[in-house]
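Report on the structure given below.
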Amino acid sequence: GASIPRRDRPEVYEKYCRCMLLLFKPWRKPSDLRERGERWSEAFEIFKAACDTEVCDLMTNMQLHHECRDSRDD
Numbered sequence: 001g002a003s004i005p006r007r008d009r010p011e012v013y014e015k016y017c018r019c020m021l022l023l024f025k026p027w028r029k030p031s032d033l034r035e036r037g038e039r040w041s042e043a044f045e046i047f048k049a050a051c052d053t054e055v056c057d058l059m060t061n062m063q064l065h066h067e068c069r070d071s072r073d074d
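Heads up, the sequence shown is in the UniProt record's numbering, so the first residue is 1 and it goes up one at a time.
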């Protein structure tokens, strides 16, 4: 299957933000994830500012997984 996008790649950052919101922000309908007209990255920044440390740590660990794979491949 597809992997989770990286936060350090500008070309997929919006997709990364959408994935993180889908995984970690409680929601029942799509409009719970972001306001009408709001970009995914804007909604994600608001969410990040209010989320628990544990959730932020999980998101960071997902990125570290990518970085470790990069180091291994160098």
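C-beta atoms are modelled at their ideal positions from N, C-alpha and C, and glycine is treated no differently.
### Query
How many angstroms separate the CA atom of E35 from the CA atom of L23?
Translated into the one-based positions of the sequence shown, residue 35 becomes position 35. Translated into the one-based positions of the sequence shown, residue 23 becomes position 23. Each residue's Cα considered, the two are about 17 Å apart.
### Task
Within its chain, find whatever has a CB closer than 8 Å to the CB of E42; leave out the 5 residues flanking it on each side and keep chain order.
On the sequence shown, residue 42 is found 42 positions in, with the first residue counted as 1. Same-chain partners within the cutoff: R34.
### Task
Report the three-state DSSP secondary structure of E35 (helix, strand or coil).
Taking the first residue of the sequence shown as position 1, residue 35 is located at position 35. The answer is coil: DSSP assigns E35 none of H, G, I, E or B.
### Query
Count the other CB atoms within 10 Å of the CB of L21; is the residue buried (16 or more) or exposed (fewer)?
Working through the sequence shown from its first residue, we reach residue 21 at position 21. The residue in question, L21, is buried, as its Cβ has 16 or more Cβ neighbours within 10 Å.
### Inter-residue Cα distance where the pair is residue 79 and G1
It is not possible to answer for residue 79, since the shown part of the chain is limited to 1 through 74.
### Message
Using 8 Å for Cβ pairs, my map puts C19 next to P5. What's the rounded Cβ distance?
### Response
Counting from one through the sequence shown, the residue named residue 19 turns up at place 19. Counting from one through the sequence shown, the residue named residue 5 turns up at place 5. Contact flag correct, Cβ pair sits at about 6 Å.
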